[in-house]
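Chemist: Each protein sequence line maps, in turn, to chains A and B.
Residue numbering for the first sequence follows the working numbering, beginning at 11 and increasing consecutively.
Residue numbering for the second sequence follows the working numbering, beginning at 19 and increasing consecutively.
Just so it is clear, CB atoms sit at the ideal spot from N, CA and C, and this is done for glycine as well.
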Amino acid sequence: MAFQIVRVAGQSMEPKYRSGDYLLVWTLKRLFKPKAGDAILFKHARHGLMVKLVESRGADGRYAVRGLHPLSSETRTLGLIPEDDVIGKVALCFRGKPKRPLR
Amino acid sequence: MIHSLLSKLDSKVGLEKASAHCDVPCGIYDPSTALISALTVVRMVDLIEDLESNTADKAGVANKMIRCVAQKEEHAEDVKHEVRIIWGDFLKEAAAQEAHDLTHRIMLKASACRQGVNRDDAVELVELVNEFAELFWKAKGVETTRAVCPYEPKLETVYPVL
């Protein structure tokens, strides 16, 4: 598969991606190198699948990441993300209408 | 459009979830927000029931009714939100197990409060959240007391003894 679709859970990437948005993620890593400002999907040892922004890429190939929201966790708490743990780069975001259903 | 298709697909096959949590371990948990919301639900039910229908000011009554119902909806949902956060993020292992059934009953009761205008349901919601608050403070090793809240609807409410 050249892509993967995931659902965003949480507020750390607001306003760019909101909780409940669906993201189309390109997963053919050989075709791109994430650069600063790109949103990437990666596997984190403690938190599982995460989506964050690339802040910088170190000489050792590890990425410093951050969220957009001021309260987001970032490299200080997440650690640097090794190249191998990066799954792909977010290409598209699909947002639904905000709703608060009656039930 | 695409979102709703993806949402349907998600509910069928279960797409993976990408976490974008704030993850700041701020450690600020307090059931008082849920309690105030539950008390608000009772108050809204009281205000709705007290609405005078035999009046010429039909628009005024309708306006107040809608405002009260909207607040009842919102605060009942806030109860669910606040309780869910404490149960899911704060309570651990045995305490979470102990709160499991109670949390579920709060979810059901808060939904019942949204669906209808029944004072008994609203009062029972306050009592369930009281029990939840006691469980929470016990998990933190803080003593609690019960006192009638000094405002309408003047119901017994759990407070921490600090």
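Along chain B, in chain order, which residues have C-beta atoms closer than 8 Å to that of isoleucine 50 (chain A)?
Modeler: Within chain B, no residue comes near isoleucine 50 (chain A); the closest Cβ sits about 10 Å away, beyond 8 Å.
Chemist: Whose Cβ in chain A lies nearer than 7 Å to the Cβ of isoleucine 17 (chain B)?
Modeler: Past the boundaries of the shown model lies residue 17 (chain B); chain B is included only from 19 to 180, so the question cannot be answered.
Chemist: In this structure, how does DSSP classify histidine 57 (chain A) when only helix, strand and coil are distinguished?
Modeler: In this structure, histidine 57 (chain A) counts as coil in the three-state DSSP scheme.
Chemist: Could you say which of A:Gly68, A:Tyr32, A:Gln21, A:Trp36 lies nearest to alanine 12 (chain A) if we only look at CA atoms?
Modeler: Ranking the options by Cα distance to alanine 12 (chain A), first place goes to A:Trp36.
Chemist: Could you tell me if glycine 98 (chain A) is buried or exposed, where buried requires 16 or more neighbouring beta carbons within 10 angstroms of its beta carbon?
Modeler: Glycine 98 (chain A) is buried by the Cβ-count criterion.
Chemist: Could you check which residue in A:Leu102, A:Val61, A:Gly106 has the C-alpha nearest to that of aspartate 95 (chain A)?
Modeler: The option with the nearest alpha carbon to aspartate 95 (chain A) is A:Val61.
Chemist: Looking at the secondary structure, which residues open and close the beta strand (DSSP E) in which lysine 35 (chain B) lies?
Modeler: Start and end: 34–37.
Chemist: My assumption, with CB atoms under 8 Å, is that leucine 88 (chain A) sits in contact with valine 75 (chain A). Please give the rounded CB distance.
Modeler: At roughly 6 Å, the Cβ-Cβ gap stays under 8 Å, so leucine 88 (chain A) and valine 75 (chain A) are in contact.
Chemist: Run through chain A and tell me which residues come within less than 8 Å of leucine 146 (chain B), C-beta to C-beta.
Modeler: Neighbours of leucine 146 (chain B) on chain A: none; closest Cβ ~18 Å, over 8 Å.
Chemist: Are the CB atoms of histidine 54 (chain A) and isoleucine 91 (chain A) within a distance shorter than 9 Å?
Modeler: In contact: isoleucine 91 (chain A) and histidine 54 (chain A) (Cβ atoms closer than 9 Å).
Chemist: Can you confirm whether aspartate 138 (chain B), when its beta carbon is compared against all beta carbons of chain A, has any partner nearer than 9 Å?
Modeler: Not one chain A Cβ lies under 9 Å of aspartate 138 (chain B).
Chemist: At 8 Å on the CB atoms, spell out the chain A contacts of lysine 26 (chain B), in chain order.
Modeler: Those within 8 Å of lysine 26 (chain B) in chain A number zero; the least Cβ separation is about 11 Å.
Chemist: On the DSSP bridge list, what partners appear for phenylalanine 52 (chain A)?
Modeler: Partner(s): A:Met60, A:Val96.
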